[in-house]
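Going by our numbering, the sequence shown opens with residue 1, and the numbers climb by one from there.
This report concerns only the one structure given below.
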Amino acid sequence: MEIVLATGNKKKIEEIKRITADLPITILSLSDYPNCPETVEDKDTFEGNATKKAVEVCQCTGKAALADDSGLEVDALKGAPGVYSARYAGEGANDVKNNEKLLQELKNIPQDKRTAQFVCCMALALPGGDVKTFFGFAKGRIGLEPKGKTGFGYDPVFTPDGFDRTFAEMSGEEKDRLSHRGKALEKLRNFLHDRPHL
Ligand code: ITT
């Protein structure tokens, strides 16, 4: 089965390819379809944005499309940055600026109140019109300073529950076993396993 990955985020592509390497699917990327327009992410839920991205790419390519909408929900910030995680620091935001803003917002919050979770919604849109969504969550806490060099996004400030290292201090494979994306893709794996002829 061929699936087009409906994401422009190279780090997500790397993780999704690594986690699905043993599945009987061929992953195509948007660079194979340069005429597909970029989806405007204007929904206020992960599921809404993931579904919109997957459906638009499925319609444009005529092939099954898999989208990932994900982000970080911080309890002390009432769930922010949430669906706005990629652009938290505003126009021209990047990972360093987003992490700086997050640490600044949390500067008066004590360690035991810095709880957070990563959320990932993967949406699989099929050419017949069906859309399936799969969620994954990773609970943890936000540190006082960035640590580690691997991964992307908020990985240097996020330590998963039960560990004393950030995602950015772990190998990719270790992060995959614990991460929101790894868990959502585990559900996709089971879905595809039960439907070998999709
Ligand atoms: P696409 O929409 O093209 O897939 P994007 O980067 O804009 O790429 P999102 O809108 O889903 O993707 O935003 C996800 C943001 O959430 C991402 O840019 C990071 O800031 C954060 N994020 C998601 N998963 C993460 C992870 O595994 N580790 C660290 N940060 C993550």
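Glycine included, C-beta positions come from ideal geometry on N, C-alpha and C.
By the Cβ neighbour-count rule, Leu-185 is buried, with 16 or more other Cβ atoms within 10 Å of its own. As a beta-bridge residue in DSSP terms, Ser-29 pairs with Leu-5. Beta-bridge analysis with DSSP links Val-131 to Ala-125. In this structure, ligand 1 has a non-hydrogen atom nearer than 8 Å to the beta-carbon of Ala-6. In this structure, Gly-172 places its C-beta atom within 9 Å of the C-beta atom of Glu-14. Taking a C-beta distance under 9 Å as the contact criterion, Leu-102 and Tyr-88 qualify as a contact pair. Short of 6 Å from the beta carbon of Thr-61, and not among the five residues preceding or following it, lie these beta carbons of its own chain, in chain order: Val-4, Tyr-33.
Excluding residues up to 5 positions away in sequence, Leu-103, Gln-111 lie with their Cβ nearer than 8 Å to the Cβ of Leu-144 in the same chain. For Phe-158, the enclosing beta strand (DSSP E) begins and ends at 158 to 160. It is roughly 43 Å from the alpha-carbon of Lys-78 to the alpha-carbon of His-197. Of the other Cβ atoms in all chains shown, 16 or more fall within 10 Å of the Cβ of Asn-99; this residue is therefore buried. Contact annotation: Thr-166 and Asp-176 have beta-carbon atoms that are not nearer than 9 Å.
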